[in-house]
Structures are given as C-alpha cells and as structure tokens.
Amino acid sequence: MVTLAELAEPNHTVTWCPGCGDFGILVALKQALAKASVEPHQTVVCSGVGCGSKLPHFIKTYGYEGLHGRSLPPASAIKMANHALTVVAVGGDGDGMGIGMGHFVHTCRRNIDFTYILQDNQIYGLTTGQTSPTSEKGYKSKSTPDGVIEVPVNPIATAIVSGATFVARGFSGNLPHLSDLIYQGIQHKGFAFIDVMQPCVTWNKLNTYDYFNKKAYVLKPEDHDVSDKHAALKLADEWATRIPIGVFYKTERLTYGDETPQLKNGPLVKQPIKRELGALLAEFE
Ligand code: SF4
1 MVTLAELAEP NHTVTWCPGC GDFGILVALK QALAKASVEP HQTVVCSGVG CGSKLPHFIK
61 TYGYEGLHGR SLPPASAIKM ANHALTVVAV GGDGDGMGIG MGHFVHTCRR NIDFTYILQD
121 NQIYGLTTGQ TSPTSEKGYK SKSTPDGVIE VPVNPIATAI VSGATFVARG FSGNLPHLSD
181 LIYQGIQHKG FAFIDVMQPC VTWNKLNTYD YFNKKAYVLK PEDHDVSDKH AALKLADEWA
241 TRIPIGVFYK TERLTYGDET PQLKNGPLVK QPIKRELGAL LAEFE
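For the sequence shown, the working numbering gives the first residue as 1, with consecutive numbering after it.
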C-alpha cells in the first residue's frame with residue numbers, strides 16, 4: 001500500500017504559477033501511483049525541458065530530467081534495462097510534439113511498456129508564451145502576431161496511426177477522471193499515451209479552464225468502442241464545439257520487451273555481465 005504522503009517530495013518547492021494545470025497532473029499522477037501501489041523506489045519519472053518537465057522534482061520517485069524533447073529515449077532505455085520498474089514520461093506539447101516528435105512516433109510503434117503524459121497547454125510556457133505545435137490555427141502570440149498559419153498537430157491521431165496501444169485524453173480540471181486515466185495507462189501492458197489538456201493560466205488566454213469546462217465531455221463505454229481504430233480516429237478529429245476526453249483506443253500486442261530475446265531471463269540489471277568489464281570499457285577509449 002503506497003500513500004500520497006510517501007510520494008510527496010519535501011525538498012523541492014513547486015515553482016509553477018498558481019493555478020497552472022500542471023498541479024492537477026501532478027496530483028493525478030500521485031493518486032494513480034498510490035492506487036496502483038507502486039513503490040516510490042520502483043518508479044522512475046522522466047521528462048524533457050519545459051514548465052511541465054520540472055515535474056520529476058516534485059514527486060518522491062526516481063527521476064530523470066533530460067534534454068529538450070528527449071523524455072522518451074531515457075524512459076525507453078530505463079524500461080529496457082530494468083523492465084521490473086514502473087516508468088512514466090512527462091513533457092509539454094512543445095517538448096513532445098515539436099523537437100521530440102520523431103521520438104514520439106517511434107516509441108508508439110515500438111510499443112515499449114511505459115506511460116507518456118503530454119502536458120498539452122498549446123503554447124511554450126517556460127519561454128513566455130510562444131505558439132507551439134498544438135496551438136490552434138489562427139492563434140496569436142508574440143511569435144505569431146498575425147495568427148499561426150499551420151494547422152495544429154493532432155497528438156491523439158498521431159499516436160493511433162503510429163502504433164500506440166493505449167491512447168487517451170484527459171483534462172487537468174477533472175482530477176478524478178484524469179487520475180483514473182493515468183492509472184489505466186500504468187496498468188496497460190504496452191505504450192500508453194495520455195494527452196492532457198493543461199491550461200497555462202499565465203500565457204494562454206484562449207484554452208482556459210472555462211474553455212475546456214464548456215467543451216469537454218467524457219466518453220462513455222456504451223457510446224464508443226475503444227477497440228475500433230477508425231471510430232477512434234474520427235473522434236480524434238472532434239475539437240470544435242465539443243472535445244471528448246477518455247480512452248480513444250486500446251489494443252493488445254506484444255511489447256518491444258516481449259520480443260527482445262535478451263530480456264527473457266529477467267531484467268538486464270539482474271543478469272550477470274558475461275564479459276570482463278575492463279576489456280569492454282577499453283573498446284571505448
Ligand atoms: Fe504553468 Fe504556464 Fe506558469 Fe508554465 S507559465 S508554470 S505552463 S501557468
């Protein structure tokens with residue numbers, strides 16, 4: 001049994017702006033880990049660079065804050081080195097859908113068994129509010145004063161067509177629902193992607209709590225078959241007057257680890273090193 005108190009990090013002050021949607025994600029992640037009874041010392045949270053990427057500092061698990069757009073490579077490597085660990089990657093839309101987009105597509109198709117939470121505030125928050133890959137067409141910011149020309153990246157559709165086996169969207173203003181989605185993602189065997197609508201109260205004056213409270217609706221099992229990929233893709237396109245949240249798509253297939261022969265005898269970190277370490281290191285001198 002893991003309690004929320006055990007996941008509280010006493011040595012770091014949370015530095016997000018008051019009201020930032022990242023608070024909801026942090027609490028939801030803690031609740032999900034506590035519900036899953038994953039011990040803090042058996043959990044690793046990886047991130048890239050950005051406001052949301054500070055999250056590993058604010059939770060008492062192992063953590064890795066990497067380079068911009070690079071939360072997924074270390075998360076993949078950690079899971080492959082020790083697949084007994086629970087691994088969660090977090091990062092913003094600029095981090096993951098911009099510079100990290102290549103990693104995202106390839107992690108989806110590899111189906112490595114960890115959970116990726118996209119803190120999607122539809123702008124670059126840390127660098128003071130520039131347009132990001134998920135900003136809505138026409139969005140005006142200091143980097144696009146006349147409105148962004150491109151259409152936004154669709155993270156849900158990209159994850160589905162790239163091979164992710166659990167694809168969901170949450171809203172940081174709906175904590176019980178988001179916590180349950182993250183719990184489902186952690187329980188899922190394979191790559192679980194959760195796009196979280198995360199209002200940036202300081203810079204994004206369009207995609208606010210009020211905006212999402214008016215538009216978000218919860219997908220119900222009786223209205224959507226999560227195994228239907230085409231239906232999921234159709235739903236992924238819905239973003240005008242109503243925005244669905246919940247599980248869009250879920251399927252089962254072998255993970256990358258399942259198909260890696262070297263992992264059949266247990267986590268790599270538990271296996272004996274068969275070569276003399278000095279000779280191995282000498283090859284890299
Ligand atoms: Fe959150 Fe925006 Fe403040 Fe960053 S700038 S901490 S995303 S409210």
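For each residue, glycine too, the CB sits at the ideal point set by N, CA and C. Note that the coordinates shown come from a computational prediction; the quantities given were computed from them, not determined experimentally.
Let me know the alpha helix (DSSP H) ranges lying completely inside the region 39 to 99, each 4 residues or longer, listed in chain order. 72 to 81
Close-in-space but distant-in-sequence residues of the same chain around Gly63 (CB under 6 Å, 5 per side omitted): Val45, Pro56
Who pairs with Ala164 in a beta bridge, going by DSSP? According to DSSP, Ala164 bridges with nothing at all.
Taking all protein chains shown into account, do 16 or more other C-beta atoms lie within 10 angstroms of the C-beta of Ala164, making it buried, or fewer, making it exposed? buried
Tyr209 - containing beta strand (DSSP E), residue span: From DSSP, Tyr209 is part of no beta strand (DSSP E) but of the alpha helix (DSSP H) over 209 to 215.
contact_flag[the region 153 to 172, the region 191 to 203] where n(CB pairs < 8 Å) is 3 or more: Under the 8 Å Cβ criterion, the region 153 to 172 counts as touching the region 191 to 203, having at least three qualifying pairs.
What do you reckon, is the C-beta of Thr134 under 7 Å from a heavy atom of the ligand SF4? no
What does DSSP give as the partner residues of Ala192 in its beta bridges? The partner list for Ala192 (beta bridge, DSSP) reads Thr115, Phe166.
Check whether the Cβ atoms of Thr3 and Ala34 lie closer than 8 Å to each other. Judged by their CB atoms, Thr3 and Ala34 are nearer to each other than the 8 Å cut-off.
Is it the case that the CB of Gly63 approaches a heavy atom of the ligand SF4 more closely than 7 Å? No - the ligand SF4 has no heavy atom lying nearer than 7 Å to the Cβ of Gly63.
For Val247, which residues from the same chain have a beta carbon less than 6 Å from its beta carbon, with the 5 sequence-adjacent residues on both sides left out? Ala168, Val226
Measure how close the beta-carbons of Thr131 and Tyr139 come, nearest whole angstrom, since I'm counting them as under 8 Å. 6 Å
Could you please give me the residues that DSSP links to Ile123 through a beta bridge? Thr131
Taking only three categories from DSSP, how would you classify Lys35? helix
Can the beta-carbon of Trp203 be found less than 8 Å from the beta-carbon of Ile112? no
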